[in-house]
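Residue numbers (the numbering used here), protein chains in the order written: chain E, 1 to 84; chain Z, 1001 to 1184. Note that beta-carbon positions come from the ideal geometry of N, C-alpha and C, so glycine has one too.
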């Protein structure tokens, strides 16, 4: 899966949780889940669990700590996919 | 330093499913998970503990530059119906919660007792009410009081170059908004 495909799948995952449509439309690697997309912090764990299910990977606590932006999420997913 | 959190319980019910696989395990310590599963109302305890973690995190990030997502590392202890302790790294945060049928509010502080002023308001009125409260206290005109953000996006209020808030925490969820202030 290339980066573009990864971002497309990630967008599908986060769509139900976002509260800023404009930021979602302009989503880039720099987009922050909380500050830009206004995802409720209580829903961050849902994003993480959905990512685990979708990609069949396990996101450990250390990786989870950094999952605050599209870039961080992509980096983590890529690393885990390469390992499996 | 203070930090707060509010949860609209009807929204929490529709937005999140605490019973989904992995939800508790990822965010709550073993001890917290046991408390939740043994509780008469696990749903309310999930969100009470969550709000304690979030309030403590919001105190912590005002003192530190880095943002992160590690709810499980904020270890909650309930010491009474409303009061709790949240331990993170070597620090202890003191929390006080209000649980109603409609919302859960938690105020976290680095101190055991805090003089913070807290007001529950409609979410869209938070900024206006903070400015008018600061006007009451400082006598500076509300129209000239400005909100700024620290690098960690914590809100601070200024009149010209005078910092009016020692610590300020804002939270909103669904129909509920709240702010807590420590005056400078």
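Contacts of residue i in chain B (Cβ-Cβ under 9 Å)
| i | result |
| --- | --- |
| residue 68 of chain E | This model lacks chain B altogether; the protein chains it does include are E and Z. |
Amino acids of chain E, ordered along the chain, whose beta-carbon sits closer than 9 Å to that of residue i
| i | result |
| --- | --- |
| residue 1014 of chain Z | Going along chain E, no residue has its Cβ under 9 Å from residue 1014 of chain Z, so there is no contact; the nearest lies around 12 Å. |
| residue 1023 of chain Z | 45, 46 and 49 |
| residue 1030 of chain Z | Residues of chain E passing the Cβ test: none, with the nearest at roughly 13 Å. |
| residue 1054 of chain Z | 41 and 42 |
Range covered by the alpha helix (DSSP H) that runs through residue i
| i | result |
| --- | --- |
| residue 17 of chain E | It is not in any alpha helix (DSSP H) - residue 17 of chain E carries neither H nor E in the DSSP assignment. |
| residue 1013 of chain Z | 1009 to 1015 |
| residue 1042 of chain Z | 1042 to 1063 |
| residue 1170 of chain Z | Here residue 1170 of chain Z belongs to no alpha helix (DSSP H); instead the beta strand (DSSP E) covers 1165 to 1173. |
| residue 1104 of chain Z | Where residue 1104 of chain Z is concerned, there is no enclosing alpha helix (DSSP H), although the beta strand (DSSP E) it sits in stretches over 1103 to 1109. |
| residue 1141 of chain Z | It is not in any alpha helix (DSSP H) - residue 1141 of chain Z carries neither H nor E in the DSSP assignment. |
| residue 75 of chain E | 70 to 83 |
| residue 1074 of chain Z | Premise fails: residue 1074 of chain Z is in no alpha helix (DSSP H) and is neither H nor E. |
| residue 1125 of chain Z | From DSSP, residue 1125 of chain Z is part of no alpha helix (DSSP H); its letter is neither H nor E. |
Bounding residues of the beta strand (DSSP E) (the contiguous stretch that carries residue i)
| i | result |
| --- | --- |
| residue 57 of chain E | Run containing residue 57 of chain E: none; DSSP gives neither H nor E here. |
| residue 1119 of chain Z | 1117 to 1121 |
| residue 1091 of chain Z | 1091 to 1099 |
Beta-carbon neighbours of residue i, restricted to chain E and to distances below 7 Å
| i | result |
| --- | --- |
| residue 1027 of chain Z | 45 |
| residue 1072 of chain Z | 61 |
Partners in chain E for residue i, counting only beta-carbon separations shorter than 8 Å
| i | result |
| --- | --- |
| residue 1153 of chain Z | 35 |
Cross-chain neighbours of residue i in chain Z, by beta carbon under 8 Å
| i | result |
| --- | --- |
| residue 54 of chain E | Within 8 Å Cβ-Cβ: nothing; residue 54 of chain E doesn't reach chain Z, min ~13 Å. |
| residue 65 of chain E | 1068, 1069 and 1070 |
DSSP bridge partner residues for residue i (one or two, in chain order)
| i | result |
| --- | --- |
| residue 10 of chain E | In the DSSP output, where bridge partners are listed per residue, residue 10 of chain E has none listed. |
| residue 1149 of chain Z | Z:1155 |
| residue 1088 of chain Z | Z:1091 |
Rounded distance between the beta-carbons of residue j and residue i, thought under 8 Å
| i | j | result |
| --- | --- | --- |
| residue 1059 of chain Z | residue 1074 of chain Z | Not quite, the Cβ-Cβ distance comes to about 10 Å (not below 8 Å), so this is no contact. |
| residue 1180 of chain Z | residue 1002 of chain Z | 5 Å |
Going along the region 1101 to 1132 of chain Z in order, which residues come within less than 9 Å of chain E, judged by CB to CB distance?
none
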